Amino acid sequence: MTMGRFRADYTYTIEGTIIVIVDLDLGNRSVTNDIENVLDDIRLKIGDLAGYSVIYRDSMSRWDGVRLVGRTVYFYGLGETDKESAMNRLLHLIEE
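What follows is the structure, encoded as structure tokens:
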């Protein structure tokens, strides 16, 4: 999704209860720096994000997690470079 010069360029999919965001790194803002707008865009498409976990591939091709507490966003590293490993790591963290 491209929202203009000052917004992040990204795609996303929903895989079960995980929202998977990929930063396209086209020279605009990064997903990291525009995460509130990115999540608002996704909310407009799918509704409330409660019950979903969120991961994203940043502009350096590393996968990180996003924790939502109300409207506050917290980031945490997953230490992975491929999506499947990141999703498995996320599921491991959720189960702890």
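Take the sequence shown: its position 81, counting from 1, is numbered 80 in numbering that gives the first Met the number 0, and each next residue is one higher.
Ideal Cβ positions, reconstructed from N, Cα and C, are used throughout, including at glycine.
Computed from a predicted model, the values in this text were never measured in an experiment.
Straight-line spacing of the CA atoms in G26 and A7 works out to 9 Å.
Minimum Cα-Cα distance from M86 among the listed residues V68, N36, G64, V72 corresponds to G64. In this model, D33 and I20 are separated by some 12 Å (Cα to Cα).
Burial is judged here by how many other beta carbons sit within 10 angstroms of a residue's own beta carbon; Y9 has at least 16 and is buried. Where L89 is concerned, the enclosing alpha helix (DSSP H) starts and stops at 82 to 94. In the DSSP assignment, L77 falls within the beta strand (DSSP E) that extends over 71 to 79. A residue is called buried once 16 or more other Cβ atoms fall within 10 Å of its Cβ, and L43, having fewer, is exposed. The beta carbons of V30 and D57 sit about 6 Å from each other, so the pair counts as a contact at 8 Å. For V21, the enclosing beta strand (DSSP E) starts and ends at 17 to 22.
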